[in-house]
Each structure stands twice: as structure tokens, then as C-alpha cells.
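Participant: Take this structure first; my questions come after.
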Amino acid sequence: MSGDDGWPGEARLEAGEPGPSTARADSCDSTAPQGEVPAWAHTAVEEGIRPLAIAAMFTCIGVSISGLALQVSPTWPSLAFAVITFLVSLEGIHSRRRLSRLRLASEDKLRFHFVEIVVLFLLVRFGVYISYGAGRLVTDLSAWTTNIGSFFDATFLIVSLFALVFWALSGALSQTIQEMETSPIERTPSTTDPGSYLRDTMPGRGRTDRQGLLNRIVGIFFWGGVILLILSGLARVNLREMVTMAHGRASGTIVNALIYFVLGFLIVSEAQYTVLKANWELQEIPLLGRLGRRWLYLAVGFLVIVGVVAALLPTGYSVGILDVLLAIVRWVIWAVVQLTFFVLFLISWLLGSLMQLLMGQPASVGPTESAPRMVAPPAPVAVEGEGWAWWPLVRSLVFWLLLTGVMGYSLFHFIGDRWGAVRWLSAMPLLAWLRRLWGGLRRGAGRVATRVRAEVAQRLAARRARAGAGTWHYFSLRGMTPRDRVRYYYLSVLHRSAREGFGRPPATTPLEYDAMLAERLPEATEEVHRLSQAFVEARYSEHSITHSDAEAAKGGWQRLRRALARLRRRDRTATS
Amino acid sequence: MRNLLAFILGLFLVAILFRVDFFFYLLYFFFGIYFLSHFWLRRAVENVLCERDYQDRAFPGEKVAVTLRVQNRGLLPIPWLRVHDSVPIQLKAPSFFRSVTSLLPHESLTLGYELDCRRRGYYHLGPLIISSGDLFGIRSYERRACVSSPMLVYPRVVPLTSLTLPAHSPFGEVPTRQRIFEDPARMVGVREYQSGDSLRHIHWKTSATTGTLQVKRFEPAISIESQLLLNLNRDDYSASRVATATELAIVTAASIAHYLVEKRQTVGLICNGVDPLIGLGEPVVLPARRGREHLMTILDALARVQSSREVMAFPDLLRQSRLHITWGGTGVIISADADDALFDGMVMMKRAGFHVMLILVDPRTSYPVTRERAKEVGIQTHLIWQESDLDVWR
Chain A
1030 MSGDDGWPGE ARLEAGEPGP STARADSCDS TAPQGEVPAW AHTAVEEGIR PLAIAAMFTC
1090 IGVSISGLAL QVSPTWPSLA FAVITFLVSL EGIHSRRRLS RLRLASEDKL RFHFVEIVVL
1150 FLLVRFGVYI SYGAGRLVTD LSAWTTNIGS FFDATFLIVS LFALVFWALS GALSQTIQEM
1210 ETSPIERTPS TTDPGSYLRD TMPGRGRTDR QGLLNRIVGI FFWGGVILLI LSGLARVNLR
1270 EMVTMAHGRA SGTIVNALIY FVLGFLIVSE AQYTVLKANW ELQEIPLLGR LGRRWLYLAV
1330 GFLVIVGVVA ALLPTGYSVG ILDVLLAIVR WVIWAVVQLT FFVLFLISWL LGSLMQLLMG
1390 QPASVGPTES APRMVAPPAP VAVEGEGWAW WPLVRSLVFW LLLTGVMGYS LFHFIGDRWG
1450 AVRWLSAMPL LAWLRRLWGG LRRGAGRVAT RVRAEVAQRL AARRARAGAG TWHYFSLRGM
1510 TPRDRVRYYY LSVLHRSARE GFGRPPATTP LEYDAMLAER LPEATEEVHR LSQAFVEARY
1570 SEHSITHSDA EAAKGGWQRL RRALARLRRR DRTATS
Chain B
4 MRNLLAFILG LFLVAILFRV DFFFYLLYFF FGIYFLSHFW LRRAVENVLC ERDYQDRAFP
64 GEKVAVTLRV QNRGLLPIPW LRVHDSVPIQ LKAPSFFRSV TSLLPHESLT LGYELDCRRR
124 GYYHLGPLII SSGDLFGIRS YERRACVSSP MLVYPRVVPL TSLTLPAHSP FGEVPTRQRI
184 FEDPARMVGV REYQSGDSLR HIHWKTSATT GTLQVKRFEP AISIESQLLL NLNRDDYSAS
244 RVATATELAI VTAASIAHYL VEKRQTVGLI CNGVDPLIGL GEPVVLPARR GREHLMTILD
304 ALARVQSSRE VMAFPDLLRQ SRLHITWGGT GVIISADADD ALFDGMVMMK RAGFHVMLIL
364 VDPRTSYPVT RERAKEVGIQ THLIWQESDL DVWR
């Protein structure tokens, strides 16, 4: 039972939760953690997905072995070997699980394994005919009757040997993962429980060394990967050329290697989850949310993202690293020379102009010689006859940069993690200076970025404000109501009169301004009165304004516009 | 996965040796897993915001719900996040809250646990530590997400109703039989004017109604300005009862303070215990005030204060405390026992015009003898041996 027995509260997943927005923290009150996957899902992983994944991993190694074996012996039964590898791996996992459930005595275990190995040999013996065909089986059957020694041919022995190795390894891997889960003996029993004495007297107080088991799984995964890669590499290169380092590049995807590593990482991830979960269970820490399911999704998503990003990076080079460096150096020198010439030209031009001013005569023009042309350095010749091309150079440059970065980072952390060399390396004057420089650059870049962000935000805001202020809105007088049209005509006159210099003072009422406007426009006094009256009605009255009222106001507005235009022309004439 | 880097370096050699392009892809793939696990984890955990929400004051017996709000403010999901909040054992058993969860981007989670406030004290909740790791066991990361925050459990307050304290200050709230102290703020009626009555006490409205001069009658009252003088010097308590008796002394002080404030009297506190907010060697001095706010200040101090050996001697404290009590006020002395030095101090207080009341919580000498001795100098004495002894004033 958790230590939080009394907590009646809840754990709520409030945002971003794809499922229900509220989840009870029952894990605090029950022994079954909420984060545990459902029983059926657990069974599916235990009995189905995990054994299939392990068997598939070993099959991938088997495919690599077949690839190499085919180079040595073209009659190697590659398809049959892959099938046999897959089946014996499954059998190895199944037999380990069955034995752990049956809890047999040593003699019975021996008998069980003996029978199993005999069946395994028979499977290998007859399985190879998946590749050879039924006709070969009939021929061999007759040969075995005459010479039993021919039953144990070289192919059979080699395939059997590999099958035994895969059978043992797959069983061991599966059992290791299974051992990571918590056992009842590990949970602290009460002192009155007989299990308490048993637990206290067990080595390590009954606790399984899960980290050790995880390291074992990772070790199997990595060593399997090393073997797979070496076999895959050997299958793709000519060994004689390789000895003299004269072999060419091999391209193309090695599907079985990709499957192996993806499955391997998924199994390691699952094992890591099992270790953590077991530790949490033993510490009685409740698990909230859908931890198990999310773990799987995140692991898959993470591997897909990394895989896609890695696929976008250049995996090969057509220009050697020295040629790339040479090209870079040439370009740098060319740029420096160009810059120097430009500066010298500027200085000489200035001096020439100065002399011309002082002497008062044009500088003597001597015999002109054609200036030497500055030719840009060529791109390096691509290896393997790809000619003069910039794309291979850029691609190679990126490749070498990436490779250098990856190796530098890995080596630094590899050494630092193991022998505490980070401190020693950090104390080196050059590295310390580089670190300070890097820190200074980062801080400077950060300050610049902050300033640029602020400046951009300020300018954008100013631009938005200007755009908002000067936005031209299209409107249609026809779309307006008669009341709004009358108001528009009046406001239009106000706008125009303000432009002419006799706008309405803010404290003036429409009727007061009516008199002021009539005084300025004596030829349109009638229109001014009519429009002012129409506006007052439209603005303050509650009775409806008809279209004919609006049309009448429009007539007055048009005449007032003309009157204002005449006034403006008069003013201009008087000014000129 | 500590061997991942070794594998990457090995893979590099294999890739260079065989010149197979796909091996370089695998190199990027492995390095990407290693690098992103570092980058992702650090970024993700630093974007986790934790807040602890709770009521930071409680009375004994109360249950306080603590809410922890954990929020992932970043765009990176967190595969697992272990939340560990430390709690004092006096408030929760076991003394921590732990939980494991996962957080998607911008997801927040509300966790909670409950504090059982069984003992008075000044506690700290936290720090809240979150830890996380990547999906492959390459790296784990831990950080302090929420600092410690205080929690105060007040001392138990026993409601008293009939505590009698000796005091004679006028203009008070507690009625008295001594009619010399009439409180002009407590009018109880009118009577006919008599020669010598103050013109200020004439009730003009009633005089106009009745046609004869009427003067106001006032209720006699006294004010009890009390100063609680609490001794928390461990040397004055017996070793076997020091924990119980000091707590009892604090409960008694809290109950008397509550009683006096309820009676709208002024009350202060002077104590030689250790207040963690003040520091060692400095006594707690709260001048006499009235009102519930002041009561809470006294209770705050009584919740925090601890007994100690490295404190001012109580007789010295008595001498200093006279500066904080107004003439006619009452000093309520709560101590373990009354030795000669304490008697000397009390007598000095009496002579200076103060009233003194002595409450003993752990007398090592015979209590009747002490009571008789105190009676001779006009000091009320009470024995509080256990909490139920306070019932005499209920």
C-alpha cells in the first residue's frame, strides 16, 4: 500500500490530454498502479510482440550471415536459414518461459532440453529443403538409407550450430527481460510473514539486480549489432581489395540491419521501462496517467524522427576531406586577395583624385596594360570521376563537418564519462579559451537576438498601427439606411468645410454651426439650413427617415459640395 | 546504455573500414539518439513548472490538503517524471509524497496529498524534486522544482470562560463591583441630577422629555491589560516532563490569550523560547494589543517557539518585561516551577504596581508550599499538570 493512503484527492490531467480530462489518482489507494497497461495488452506484449521482436532481431543477424555465406558458397540455403533462425528463436523463448512456469527438477529440465534439441536438429535437417526443394529431399532420403553419414553434411552442421546459438541467445534475452519484473519476494513482507525471514536471508535481500540485467540486454544488442554490421560489410566488399584498402563505396539500404537496430532499441526501451516500473513498484510509488502506453508511442515516435532526420543527411562523400580543405583554403585566399585589391584600388583612386585636385591637371595616362584577371579557384575534382561539380563539394563538406562533429562530440563525452577527463580537458588553456570564446559568442548572440526580436516586434507593431490607421474601407451609400446616408452627407460637408479652414468648433451644436456655415456660403444658405435640419432629424429624432428624405438631403449635399469647390477655386485665384 | 558511445565510435571505424554508406546512416541514427536524448531531457525537464498550493496555517487536528500542480510548459513530451515532495514526519507518515507520471506538451497535472496537523510547530514542506530520464536509459536528470515553504500549526486553544485576573485599570470591558471605575462608554440608564454631577453627563434629550435634569448612569468596569510571561528554558523543567510540560505551558498561554482577546482586552506575550524567525538568544516580545489580528500574531509566535537551554534566564526576562507592562496591568507568569529567583522577580513586580498571577506546569517542589508562599505576597497561583486542569476556567 502506498504511503499516501489517506489522500482522498485526485490527479487531474488538465490540458493536452487526449483522453478524458479528469483521471482519479486511485493509484494512491490501491495496489494496482493506474499507469499500468491493461492485462490484455500486457499479455499481448509478453506472449506475442516481445517474442516476435526478439526472433526478428536474430533473424536479421541470420540474414547477414546468409549474405556472407552466399559469397563463400552459392548453394547456401539462405531462405531456409532465415526461417529456421526465426523459428528456433521463438522456440528458445517459448521453452524458457515454459520451464520457468513448470518449475521442473534438474533431471526433468535436462530431459526437456534433450527432446527440444533433437526436434531442433530435425527441423534444421528438413528445414533446409525450403531452399533446396522437394526433389533434393527425395534424393537425399535415398542417400541417407545407403550412407547414414551423409545425413550430417557440412551445411546441416553449420546451420545447426547457428540455430543452437540463436536458440540459446533468444531464450536468454527473453528470460532476462522477464527477470526484470517485480517478484512477490521482493516486496517487503510484514515481519509476521514467513516470507520476511526468507527475504532477509536472501543474498541482496531478495532484490534483483535490474541494472545488471539491463546491461546484459544492451550488451547482447550491441554485440549482435557489431556482428551483423561486420557480416553485412564483408558481404558487400571484396575482401582482397579491402585488405589493400582499394575497395570502392557500397551504397544501398541494408534492410535487415535497419530492422535489427529499430527492434533492438524498442526492446531496450521496453526493458528500461520495465526496470523503472519495477523500482517504482518496489518503492510503492503510484504511477499516474497512461505511462506504459505513452512510453511505447514516444519510443516509436522518437526513433522515427531520428531515423528521418538521419536519412536527410549525406551518408557519402565524393570529394576527399583533404580536397575539401584545399578547396576551402583556395577560396579563402581568393577572397582575401580580392578584398586586398579592392582596398588598394580605393586608396589609389583617392590618391589619384587628390593629386588631380592639387596639380590642376589630369594625371598622365601611361600606356595602359590590361589588368590581370582574377580567376576564381576551381572546384576540386570529384573522386570517382564525377567531374567539376559544386553539389558534390557541398555535400562532401557537410558530410565531413557532420562526421567531425559527431566524432568530436562522441570522443569528448566518451573520454569524459569514463575517466573523469572532462575536468582535465576543460583545464587545458586552449579549451578553456575556446569555452570562454564560445560562452562570449553565445551571450553576445543572445543579446543581439533579444535586441533584434524587440526591434522587429516594435517595428511590426508600428507598421500594424499605421496600417490600421490608414486603412481604406470600401463602403456603399446604397447599402446604408436612409438615416445613415443623411448623417454621411452632413459629415462629408463638415469634413470639406474643415479642409477649407472653417470647420465646426467642437462645442458647437449643428444648429449653431448652421448659422456659421451659412455666413461663409451665402449662395447656398438654403441648402445649409436644409441639410442641417435633415441631420438633426436623422441624428436625434425617433421617427423613420425615408428614402425621399435622404434623396432631398443628397441634393443639398451635392449643391454644397459645388459651393465649397467654388469657394476653394476663388481662394486659390485670390492667393495666386 | 553507457556503451552507446563506444558503439558509435566502433561503428565509425566499421563505416570507414567498409565504406558502406548505410553504416554512416546508422552512425547518424545512433548519434541522433544519444544527442537528442541529452538535449530533449534537459530542455523538457527545465520547462516543467511546479507549484505547491495549501493553507499555510492550521489548528491541531485539522487536515490540510496540499495540491501540487505540475505543468509542462514546453513542446517536448516527458516520458516519465518522478515527483518527490518532502514533508515533516510530524505532518505526514511516511515523510514524503511521491508519484510518477508522464507529461505531454503543455499538459498539466494536479497531484495532492494531505497533512495531518497533529503537533504544534513551524514546519517546512519541500523541497519538491523532480527527476526524469530518457527512453533508453542513456541519461537521467534531476532538479529542484519548488523550494521549501513554511507551514504553521497553532497550539491547541482551550476555550476558557471564567478566568479571573487581578487588574484595576479604568475604561475596560470587564464589569467589576468596584464602582469607583465607571466607564463613560458603557451607559446603563439615567437618574435625576444631583448636585456635583458633571454637566458633561447630563442626558439632554431625556431632560427635555421629562422636564427635569437627568444624568447618565455608567456601568463600572475595569480593563485588564495582561502580559503573558512564558518560560521555555529547558533547564527549569524536569527532564522526564520537559516535552509535555513545555507544550502544556504553550497551550495555557494560547488559551489565556484567546480568552482575553475574546473579552476585548489587551494582551501581550513575552517568552524566552527560541523563535526560528528571530534567532537564538532573542526573546519573543509582543507588546499588549487587542483584537483578533493580534491574537493570531500571538498564536503564530506560540506556534513557532521552541524550548531551549541557550535562552535568557526567566528571572532576567521578568526584570526586562516590566518595561512592557503598563501600571496596573497583570503579568501572567507561566513557568515550570517557582524558585527563589522567580519569587524575587514576582515580588519586585508587585512592588512596582503590577498584578501577578503564577501558573505552574511542572513544579518540582511541593505545590501547596509554593502556593502558600505566593499567597503571602498576594500572588494568585494555579497548577496546570495536564490539559484537563484548564477545565477549572471553562
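Residue numbers (my numbering), protein chains in the order written: chain A, 1030 to 1605; chain B, 4 to 397. The beta carbon of each residue, even a glycine, is placed where N, CA and C say it ideally should be.
With a threshold of 8 angstroms on Cβ separation, who are the neighbours of B/A304 within its own chain once the five nearest residues in sequence on each side are excluded?
Facilitator: If we look at B/A304 and ignore the five residues flanking it on each side, its Cβ neighbours are L272, C274, D278, V287 and L289.
Participant: I need the boundaries of the beta strand (DSSP E) containing B/V90, first residue and last residue.
Facilitator: Element bounds for B/V90: n/a, residue is neither H nor E.
Participant: One question on the structure: do B/Q197 and B/T209 come within less than 8 angstroms of each other, judged by their Cβ atoms?
Facilitator: Against a cut-off of 8 angstroms, the Cβ pair of B/T209 and B/Q197 comes out as no contact.
Participant: What is the DSSP secondary structure of A/Y1542, counted as helix, strand or coil?
Facilitator: Correct three-state label for A/Y1542: helix.
Participant: Can you tell which of A/L1426, A/T1282 and A/S1203 has its C-alpha closest to the C-alpha of A/A1356?
Facilitator: Answer by Cα proximity: A/L1426.
Participant: Is there a Cβ of chain A sitting closer than 8 angstroms to that of B/R142, yes or no?
Facilitator: Cβ-Cβ to chain A under 8 angstroms: no for B/R142.
Participant: Can you tell me whether DSSP reads A/T1344 as helix, strand or coil?
Facilitator: In this structure, A/T1344 counts as coil in the three-state DSSP scheme.
Participant: For chain A, check one thing: does any of its Cβ atoms lie closer than 8 angstroms to the Cβ of B/S165?
Facilitator: False, the Cβ-Cβ gap to chain A never drops below 8 angstroms.
Participant: Give the DSSP bridge partners of B/A61, in chain order.
Facilitator: According to DSSP, B/A61 bridges with B/V156.
Participant: Applying the 10 Å Cβ sphere with the 16-neighbour rule, what's the burial state of A/A1061?
Facilitator: Bear in mind that a pLDDT of 37 at A/A1061, under 50, signals an unreliable position, so the model cannot answer this.
Participant: Less than 8 angstroms between the C-beta atoms of B/I382 and B/V364, yes or no?
Facilitator: It is not a contact, given that the beta carbons lie outside the stated cut-off.
Participant: Rank B/I133, B/P366 and B/C120 by C-alpha distance to the C-alpha of B/S102 and give the top, closest one.
Facilitator: Nearest option by C-alpha distance: B/I133.
Participant: Mind checking B/F21: buried by the 16 CB within 10 Å criterion, or exposed?
Facilitator: The residue is buried, with at least 16 neighbouring Cβ atoms inside 10 Å.
Participant: What distance in whole Å lies between the Cβ atoms of B/L7 and B/A47, which are believed to be in contact at a cut-off of 8 angstroms?
Facilitator: With 8 angstroms as the limit, B/A47 and B/L7 do not qualify as a contact, their Cβ atoms being about 20 angstroms apart.
Participant: Let me check understanding here. Comparing Cα to Cα, which of B/L231, B/F346 and B/R220 lies closest to B/Y262?
Facilitator: Cα-wise, what sits closest to B/Y262 is B/L231.
Participant: How about the segment 1278 to 1292 of chain A and the segment 21 to 30 of chain B: do they share at least three Cβ pairs that are nearer than 8 angstroms?
Facilitator: Judged by Cβ distances under 8 angstroms, the segment 1278 to 1292 of chain A makes contact with the segment 21 to 30 of chain B, as three or more pairs qualify.
Participant: Quick one: complete alpha helix (DSSP H) runs, 4+ long, within the segment 288 to 321 of chain B?
Facilitator: Listed in chain order, the complete alpha helix (DSSP H) runs (minimum 4 residues) inside the segment 288 to 321 of chain B are 295 to 307.
Participant: Identify the contact partners of B/L16 in chain A, using a Cβ-Cβ distance below 7 angstroms as the criterion.
Facilitator: Within chain A, no residue comes near B/L16; the closest Cβ sits about 10 angstroms away, beyond 7 angstroms.
Participant: Check for me: the alpha helix (DSSP H) holding A/H1524 runs from which residue to which?
Facilitator: P1511 to E1529 is the span of the alpha helix (DSSP H), which, as asked, contains A/H1524.
Participant: Please list the partners that A/S1280 has in chain B, where partner means a Cβ-to-Cβ separation under 9 angstroms.
Facilitator: Those are V23, D24 and F25, listed as they occur along chain B.
Participant: The alpha helix (DSSP H) with A/C1089 in it runs from where to where?
Facilitator: First-last of the alpha helix (DSSP H) with A/C1089: R1079 to V1101.
Participant: Within its chain, find whatever has a CB closer than 6 angstroms to the CB of A/R1512; leave out the 5 residues flanking it on each side and keep chain order.
Facilitator: A1567 and I1574, listed in sequence order.
Participant: Using 8 angstroms as the cut-off, can you tell me whether the segment 1160 to 1177 of chain A makes contact with the segment 1092 to 1099 of chain A, which would need three or more C-beta pairs spanning the two stretches below that distance?
Facilitator: The segment 1160 to 1177 of chain A, when compared against the segment 1092 to 1099 of chain A, does not touch it at the 8 angstroms Cβ threshold.
Participant: My assumption, with CB atoms under 8 angstroms, is that B/L3 sits in contact with B/G276. Please give the rounded CB distance.
Facilitator: Lying before the first or after the last residue shown, residue 3 of chain B is absent from chain B, which here runs from 4 to 397.
Participant: State the DSSP-derived secondary structure class of B/M4, mapped to helix, strand or coil.
Facilitator: B/M4 falls in the coil class under three-state DSSP.
Participant: For B/A246, which three-state DSSP category applies?
Facilitator: Note: B/A246 maps to helix in three-state DSSP.
Participant: Just to confirm before moving on: does the CB-CB distance between A/R1323 and B/P82 stay below 8 angstroms?
Facilitator: Yes, the pair counts as a contact, with Cβ atoms nearer than the cut-off.
Participant: Give the secondary structure of A/I1357 by DSSP, where H, G and I count as helix, E and B as strand, and everything else as coil.
Facilitator: Looking at A/I1357 - three-state DSSP - the assignment turns out to be helix.
Participant: Under 8 angstroms, Cβ to Cβ, is there at least one residue of chain B near A/T1538?
Facilitator: Taking Cβ atoms only, chain B never reaches closer than 8 angstroms to A/T1538, which makes this a no.
Participant: Going along the segment 93 to 109 of chain B in order, which residues come within less than 7 angstroms of chain A, judged by CB to CB distance?
Facilitator: If the cut-off is 7 angstroms between Cβ atoms, the segment 93 to 109 of chain B has P97, F100, R101, S102, V103, T104, S105, L107, P108 and H109 near chain A.
Participant: Please classify B/I141: is it buried, with 16 or more other beta-carbons within 10 angstroms of its beta-carbon, or exposed?
Facilitator: Buried, by the Cβ-count rule.
Participant: Relative to the C-alpha of A/H1071, which residue among A/G1321, A/L1422 and A/M1545 is closest?
Facilitator: Nearest of A/G1321, A/L1422 and A/M1545 to A/H1071, Cα basis: A/G1321.
Participant: What first and last residue would you give for the alpha helix (DSSP H) that runs through B/T212?
Facilitator: Note, B/T212: alpha helix (DSSP H), W207 to T213.
Participant: Excluding the 5 residues preceding and the 5 following B/F10 in the sequence, name in chain order all residues of the same chain whose CB lies nearer than 7 angstroms to its CB.
Facilitator: Here the set comprises F33.
Participant: I want to see whether chain A comes within less than 8 angstroms of B/I1, judged by CB atoms only; does it?
Facilitator: The first residue shown for chain B is 4 and the last is 397, placing residue 1 of chain B beyond what the model contains.
Participant: So does the segment 118 to 133 of chain B actually touch the segment 85 to 97 of chain B, counting three or more Cβ pairs closer than 8 angstroms?
Facilitator: The segment 118 to 133 of chain B is in contact with the segment 85 to 97 of chain B.
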